[in-house]
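In what follows, a structure is listed as structure tokens, so that the remarks can point back to it.
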Amino acid sequence: MPSTAKLPFAGDLHVLMFPFVAFGHISPFLQLSGKLSSAGVRVTFLSTPANLGRISSLLPSSPSVRIISLPLPSVPGLPSGAESTADIPPHTAELLKLAVDLMRPSVADLVADLRPDIIFFDFAQPWIPSIAGPLGLKTVFFSVFSAAATAYLTVPARARGALGDLTGPPAAFPASTALAAGVPAYQAEDFAYIFKSFADGAPPVFDRVLAGLTGCSAVAAKTCMEMEGPYVRYVESQLGKSVLLAGPVVPEPPAGKLGSDWAGFLDRFDDGAVVFCSFGSETALREEGVRELLLGLELAGLPFLAVLNSLAGAGKGLVREGWAPQQLILRHRSVGCFLCHAGLSSVVEGVVAGCRVVMLPQRGDQFLNARLFAGDLGVGVEVARDDSGGFRREAVRDAVARAMRWPPEAEEKAEKLRGFLMDVEAQGSFMEDFVWRLKELASSKVNDINFYES
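For the sequence shown, position 215 (counting from the first letter as 1) is numbered 213 according to this note's numbering, and the numbering increases by one without interruption.
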């Protein structure tokens, strides 16, 4: 992990972090906040009252870190007390964006009072630059997605069009990448969501993202040129501004020990024998998908531990519902394969733990992450799908078998990436350079600055 030594130039830099109220977004902001705090940057983290407990438990206890909450205004149709996507069904999630929009006046008052040097904001708050600009403050759009996802879906060249347009990449897309060949129709249909407006006058996700990307002083991403160079360069060429690279922001090693309820099962098996399957707390499979997944794991003939958002049972495995200590499980000596939904953080955690990674993406950027890792980086296996996006138990079995019998060249790529992600000096240098860039941005006389022209 990066060194926690404070950088001598960072102490007078103050940043405000304002993620969208979804823990898939809050978590990357928390990870970055922790790294910045360790580098000597003062961090103020903004969210809503109901999220404070979890946020405070995940941020370092430090005088350089402050947590502030502002009330989330009520919106017709949004249940009382619902302040994150975990509190509501997916079809009402759009209402949270409208509620966050209504925070604008209170956020403006807070920013005027705090006067941070830089405001990091998320896709749902493209109005942040209009608050910061008159005060002479800089803004950074922090993308919690892979650069591959941003490049494919939300650059200016991705004009609105027919569904078929989404099966191919936008104009001038880097031909050397795995996504240059486009995506299947079922994935394009899923992507069409970002162009839809679900409430009168509410901007679709695409408009929010593009307004944020074009209106900010700089874009930040938790990636690096070594992993996503062509995609980063393409995004910069599209926006005409810098993408500040924080590095992969590898999570810190998990604290504590694995509970006996988990370890009691895993301890029974040989090293690297178990398949661990988890789709995160906010990704759910339909009943048919759960059945095919579990039967596929049975067919693979290996012991498995599956943590899903639906209870079920299986002969050779243990199936649980809800939350699990993912990093601790991945690092258990008996876990050798990780089957996940291709969430960016999950895949990185699997690679760092030394697991063979099998990906079964369910929506949105997960499809593009799977192509990045399996295609561009060659460090994972994706479960085969039919033309409608469905999958069969045999496809799960075959993907697990391929991962557990990786050829030497695939093993070499995975070990090389793992070594890179675990290199203390390399990862520390990313954060050191990132803080330097932020200092230069904060002191710049212009609203945006391009650090990567030379």
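Even glycine gets a Cβ: it sits at the ideal position worked out from N, Cα and C.
Problem set entry | Cβ neighbours of K443 in the same chain (closer than 8 Å, five flanking residues each side left out) | Locating residue 443 in the sequence shown gives position 445, where the first residue counts as 1. Cβ neighbours of K443 beyond the five flanking positions: none.
Exercise. With respect to the alpha helix (DSSP H) encompassing M411, which residues constitute its N-terminal and C-terminal limits?
Worked result: Taking the sequence shown and counting its residues from 1, one reaches residue 411 at position 413. Note on identity: in this sequence residue 411 is Lys, with Met being the wrong assignment. Here the alpha helix (DSSP H) through K411 covers 406 to 419.
Problem set entry | Residue(s) in a DSSP beta bridge with S141 | Indexing the sequence shown from 1 puts residue 141 at position 143. DSSP, once it has assigned bridges, lists A219 as partnering S141.
Problem set entry | Three-state secondary structure (DSSP) of M357 | Counting from one through the sequence shown, the residue named residue 357 turns up at place 359. M357: strand per DSSP, three-state reduction.
Exercise. Which residues bound the beta strand (DSSP E) around V272?
Worked result: Reading the sequence shown from its first residue, position 274 is the one you call residue 272. Residues 272 to 276.
Exercise. Does the beta carbon of L34 come closer than 9 Å to any beta carbon on chain D?
Worked result: The structure shown has no chain D; it contains just one protein chain.
Exercise. Mapping DSSP to helix, strand and coil, what is S67?
Worked result: For the purposes of this step, residue 67 is taken as residue 69 along the sequence shown, with counting starting at 1. Reduced to three states, the DSSP call for S67 is strand.
Problem set entry | D115, buried or exposed, once every other Cβ within 10 Å from all chains shown has been counted against 16 | For the purposes of this step, residue 115 is taken as the residue at position 117 of the sequence shown. Under this definition D115 is a buried residue.
Problem set entry | Backbone CA spacing between L256 and G79 [nearest angstrom] | By one-based count along the sequence shown, residue 256 stands at place 258. By one-based count along the sequence shown, residue 79 stands at place 81. Using only the alpha carbons, I get a separation of about 33 Å.
For this session: Keeping to the same chain, check which residues put their C-beta closer than 6 Å to that of H12; ignore five residues upstream and five downstream.
Result: Along the sequence shown, read from residue 1 onward, the residue named residue 12 stands at position 14. The residues are R40, P114, D115.
For this session: Name the residue from K220, G270, V181 whose alpha carbon lies nearest to the alpha carbon of V142.
Result: Position 144 of the sequence shown, counted from the start, is the residue given in the question as residue 142. Ranking K220, G270, V181 by Cα distance to V142 puts K220 first.
Problem set entry | 6 Å CB neighbourhood of L93 in its chain, flanking five on each side removed | Start at 1 with the first residue of the sequence shown, and residue 93 comes out as number 95. Once the five neighbours on either side are set aside, the close Cβ partners of L93 are V73, G75, L76.
Problem set entry | T212: first and last residue of the uninterrupted alpha helix (DSSP H) it sits in | Translated into positions along the sequence shown, residue 212 becomes position 214. Run containing T212: 203 to 213, per the alpha helix (DSSP H) assignment.
Exercise. With burial defined as no fewer than 16 other Cβ atoms inside 10 Å of the residue's Cβ, what is the status of G406: buried or exposed?
Worked result: By one-based count along the sequence shown, residue 406 stands at place 408. In the sequence as displayed, the identity of residue 406 is Pro instead of Gly. P406 should be labelled exposed.
For this session: Look up M101 in the DSSP assignment and say whether it is helix, strand or coil.
Result: On the sequence shown, residue 101 is found 103 positions in, with the first residue counted as 1. Coil, per DSSP.
Exercise. Can we count W321 as close to the ligand GTP, meaning its CB is less than 8 Å from some heavy atom?
Worked result: With respect to the ligand GTP, the structure offers nothing, as it holds no ligand at all.
For this session: List the DSSP bridge partners of S45.
Result: Stepping through the sequence shown from its first residue, residue 45 is reached at position 47. Beta-bridge pairing links S45 to S67.
Exercise. Since V350 and L303 are thought to touch, with beta carbons under 8 Å apart, how far apart are those beta carbons, to the nearest angstrom?
Worked result: Within the sequence shown, residue 350 is the residue found at index 352, counting from 1. Within the sequence shown, residue 303 is the residue found at index 305, counting from 1. Actually they do not touch by this definition, with Cβ atoms about 19 Å apart.
For this session: Assuming L108 contacts L68 (C-beta within less than 8 Å), just tell me the rounded distance between them.
Result: Locating residue 108 in the sequence shown gives position 110, counting from the first residue. Locating residue 68 in the sequence shown gives position 70, counting from the first residue. Sure, about 7 Å apart at Cβ, within 8 Å.
Problem set entry | Among C214, S35, F16, the one whose alpha carbon lies nearest that of L135 | Along the sequence shown, read from residue 1 onward, the residue named residue 135 stands at position 137. If we check each option's Cα against that of L135, C214 comes out closest.
Exercise. Can you name the residues that DSSP bridges to V349?
Worked result: Your numbering for residue 349 matches position 351 in the sequence shown. Bridge partners of V349: none, in fact.
For this session: Give every residue of the same chain whose Cβ lies closer than 6 Å to the Cβ of T137, excluding the five residues on either side of it in the sequence, and list them in chain order.
Result: Indexing the sequence shown from 1 puts residue 137 at position 139. So the list reads I117, I126, P127, A130, C214, S215, once near-sequence residues are dropped.
Exercise. Relative to the alpha-carbon of P359, which residue among V346, E380, F16 has its alpha-carbon at the smallest distance?
Worked result: Position 361 of the sequence shown, counted from the start, is the residue given in the question as residue 359. Among V346, E380, F16, the Cα nearest to that of P359 belongs to E380.
For this session: Confirm, please, whether the CB-CB distance from P17 to D85 is below 9 Å.
Result: Against the sequence shown, residue 85 aligns to sequence position 87. Against the sequence shown, residue 17 aligns to sequence position 19. Not a contact, by the Cβ cut-off of 9 Å.
For this session: Check whether the Cβ atoms of L297 and R391 sit closer than 9 Å, and answer yes or no.
Result: Within the sequence shown, residue 297 is the residue found at index 299, counting from 1. Within the sequence shown, residue 391 is the residue found at index 393, counting from 1. Contact: yes.
Exercise. Is the beta carbon of E226 less than 9 Å from the beta carbon of A146?
Worked result: Translated into the one-based positions of the sequence shown, residue 226 becomes position 228. Translated into the one-based positions of the sequence shown, residue 146 becomes position 148. Going by C-beta atoms, E226 is nearer than 9 Å to A146.
Exercise. Is the region 33 to 53 close to the region 359 to 376, with three or more CB pairs under 8 Å?
Worked result: no
Exercise. Which value, in whole angstroms, describes the spacing of the CA atoms of P507 and L295?
Worked result: Past the edges of the chain, shown from -1 to 452, lies residue 507, and the structure says nothing about it.
Exercise. With 16 as the cutoff for other CB atoms within 10 Å, does V422 come out buried or exposed?
Worked result: As a first step, residue 422 must be located in the sequence shown, where it is residue number 424. Label assigned to V422: exposed.
Exercise. To the nearest angstrom, how far is it from the Cα of L293 to the Cα of E286?
Worked result: Reading the sequence shown from its first residue, position 295 is the one you call residue 293. Reading the sequence shown from its first residue, position 288 is the one you call residue 286. L293 and E286: Cα-Cα distance of roughly 11 Å.
Problem set entry | Exposure of G262, with buried meaning 16 or more beta-carbon neighbours within 10 Å | On the sequence shown, residue 262 is found 264 positions in, with the first residue counted as 1. By the 10 Å Cβ count, G262 comes out exposed.
Exercise. By how many angstroms is the C-alpha of L34 removed from the C-alpha of A91?
Worked result: If you number the sequence shown from 1, residue 91 lands on position 93. If you number the sequence shown from 1, residue 34 lands on position 36. So the two alpha carbons sit approximately 30 Å from each other.
For this session: Could you give the DSSP three-state label for R16: helix, strand or coil?
Result: Here residue 16 refers to the residue found at position 18 of the sequence shown. Reading off the sequence, residue 16 comes out as Phe, not Arg. Of the three classes helix, strand and coil, the one that applies to F16 here is strand, per DSSP.
For this session: List the DSSP bridge partners of L303.
Result: In the sequence shown, the residue the question calls residue 303 occupies position 305. Answer by DSSP bridge pairing, in chain order: F274, L316.
Exercise. Does the count of Cβ pairs from the region 324 to 338 and the region 243 to 256 closer than 8 Å reach three?
Worked result: yes
Exercise. From A178 to V394, what does the alpha carbon distance come to, in whole angstroms?
Worked result: Looking up residue 178 in the sequence shown gives position 180. Looking up residue 394 in the sequence shown gives position 396. Approximately 26 Å, taken between the alpha carbons.
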